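Just below is one structure, and these are the notes that go with it.
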Amino acid sequence: MWGKIAGLSAFVWGCWKLNLAGSMEFRMSFLLTAGMMVINNMVWILFWGLYFNRFQVVNGWSFQDVVMMWSVSAGGFGLSAVLFGNAYRLGSLIAAGQLDIYLSQPKPVLLHILISRMSVSAIGDVIFSLLLYALFGNHTIAGLLKYALALLIAMLILMFFVVIVQSLAFFIGNAEGLGQQIFNGLLAFSTYPTGIFTGWGKLILFTVLPAGFISYLPIGLLRAAEPVFLTQAISVAAALAVGGTWFFYYGLKKYSSGNMMGMRN
-14 MWGKIAGLSA
-4 FVWGCWKLNL
6 AGSMEFRMSF
16 LLTAGMMVIN
26 NMVWILFWGL
36 YFNRFQVVNG
46 WSFQDVVMMW
56 SVSAGGFGLS
66 AVLFGNAYRL
76 GSLIAAGQLD
86 IYLSQPKPVL
96 LHILISRMSV
106 SAIGDVIFSL
116 LLYALFGNHT
126 IAGLLKYALA
136 LLIAMLILMF
146 FVVIVQSLAF
156 FIGNAEGLGQ
166 QIFNGLLAFS
176 TYPTGIFTGW
186 GKLILFTVLP
196 AGFISYLPIG
206 LLRAAEPVFL
216 TQAISVAAAL
226 AVGGTWFFYY
236 GLKKYSSGNM
246 MGMRN
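See below:
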């Protein structure tokens, strides 16, 4: 058992190294792409800075809380797109019948697909997240551990939510566009304080679009760990991971090969 785990870990690590090496082949393009994403995100922090310069608190949220919300959201997305980048084009791979190469190899199919691609621009999101933590985060050991847990929860929610919506392609054809639109909604709402939403809006953010479990992390975990919320957030992340994996493999039974031959080094 431990040998299989070690072998699978080595396989995953090898894929990540190859993805990074491929991205670094064109060094200037890599730096520009990642750098522009950092700058793009910084514009939003500037906007919130101007807002809080006039209004010091928004329904209990301070500027530091909002900044850390962006750090967690951007970091969670960045990690998912860097480490498991194929999740965001899963629908097109399914619709085009391009899963054959993964089905023919003795590796977990979903894991193999997800780790086979890295988003270069998302590296900028990770850098941006770390910069915000360095400037505004709690630098104690406990603060660092809570920040790492927040990133893990956000990454799992975002990644497996997109796996679920992209896996709709097994049933309705090319779902990449639809999945991207739904995911963009989730990502957008995860960058606004939950305190500004009430009624049905807040209910949707904690059910249909689980963005609330990401955007509330700076309050319910980083500022002061709230046991009830933290248990709910971890449970939602775990449920999406299990549900997303099950839904993918259930849909895989309906997959139609594209009769495409491929070779990978």
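Under my numbering, the first residue of the sequence shown carries the number -14, and numbering increases by one thereafter.
Yeah, the Cβ is synthetic: ideal placement off N, Cα and C, and Gly gets one too.
Being a predicted model, the structure only gives us computed values, none of them experimental.
Can you tell me which of the three DSSP states residue i falls into?
i: Val43; result: strand
i: Asn25; result: helix
i: His97; result: helix
i: Leu172; result: helix
i: Ser152; result: coil
i: Met103; result: coil
i: Gln166; result: helix
i: Ala(-9); result: helix
i: Ser178; result: It is Pro, not Ser, that sits at residue 178 in the sequence shown. Coil at Pro178, not helix or strand.
i: Phe37; result: helix
i: Glu161; result: helix
i: Asn123; result: coil
i: Leu141; result: helix
i: Met(-14); result: coil
i: Lys131; result: helix
i: Leu116; result: helix
i: Leu194; result: coil
i: Phe11; result: coil
i: Phe62; result: helix
i: Gln217; result: helix
Sorted by chain position, which residues of the same chain lie with C-beta nearer than 7 angstroms to residue i's C-beta, five sequence neighbours on each side aside?
i: Leu215; result: Gly205, Leu206
i: Phe233; result: Leu95, Val148, Ser152
i: Gly45; result: Gly180
i: Phe182; result: Leu190
i: Gly164; result: Gly76, Val147, Val150, Gln151, Leu153
i: Gly128; result: Gly122
Within its chain, find whatever has a CB closer than 6 angstroms to the CB of residue i; leave out the 5 residues flanking it on each side and keep chain order.
i: Gly(-6); result: Note on residue identity: the sequence assigns Ser, not Gly, to residue -6. Excluding residues within five positions, none has a Cβ falling inside 6 angstroms.
i: Ala226; result: Leu141, Phe145
i: Trp33; result: Val51
i: Gln41; result: none
i: Ala139; result: Val57, Gly61, Ile199
i: Ile167; result: Val150
i: Leu202; result: Val57, Ala135
i: Ala218; result: Ile138, Phe198
Apart from the five residues just before and just after residue i, which ones in its own chain have a Cβ nearer than 8 angstroms to its Cβ?
i: Ile30; result: Val52, Trp55, Leu117
i: Ala19; result: Val105, Ser106, Ile108, Gly109, Ile112
i: Lys131; result: Asn123, Leu206, Leu207, Ala210
i: Thr230; result: Leu95, Phe145, Val148
Taking residue i as the reference, give the member of the options with the closest Cα.
i: Ala119; options: Ala209, Gln49, Val(-3), Gly(-8); result: Gln49
i: Pro(-4); options: Ile138, Gly162, Pro91; result: For the record, residue -4 in the displayed sequence is Phe; it is not Pro. For the residues Ile138, Gly162, Pro91, the minimum Cα distance to Phe(-4) belongs to Pro91.
i: Met27; options: Ala160, Ser114, Ile100, Ala209; result: Ser114
i: Ser8; options: Asn25, Asn38, Lys(-11), Arg102; result: Arg102
i: Thr176; options: Ala72, Gln166, Leu163, Leu190; result: Leu190
i: Asn25; options: Ala59, Leu64, Ile126; result: Ala59
i: Gly(-1); options: Phe174, Ala127, Arg12, Leu68; result: Leu68
i: Leu172; options: Val57, Phe11, Leu129; result: Val57
i: Ala81; options: Leu188, Gly158, Leu202; result: Gly158
i: Leu137; options: Ser47, Ile199, Gln166, Leu188; result: Ile199
i: Pro178; options: Ser47, Gln166, Gln83, Ala160; result: Ser47
i: Tyr87; options: Gly228, Ala6, His97; result: His97
Since I believe residue j is in contact with residue i (beta carbons under 8 angstroms), could you give me their beta-carbon distance rounded to a whole number of angstroms?
i: Gly61; j: Leu134; result: 11 angstroms between Cβ atoms; not a contact.
i: Leu99; j: Ala72; result: 5 angstroms
i: Asp85; j: Ser242; result: 5 angstroms
i: Glu161; j: Arg74; result: 6 angstroms
Consider the C-beta atom of residue i and the heavy atoms of the ligand SAH; say whether any pair is separated by less than 8 angstroms.
i: Phe146; result: The ligand SAH is not part of this structure, which contains no ligands at all.
Touch test, the stretch 235 to 242 against the stretch 152 to 159, Cβ-Cβ under 8 angstroms, three pairs minimum | yes
Three or more C-beta pairs below 8 angstroms linking the stretch 216 to 223 and the stretch 182 to 199 | yes
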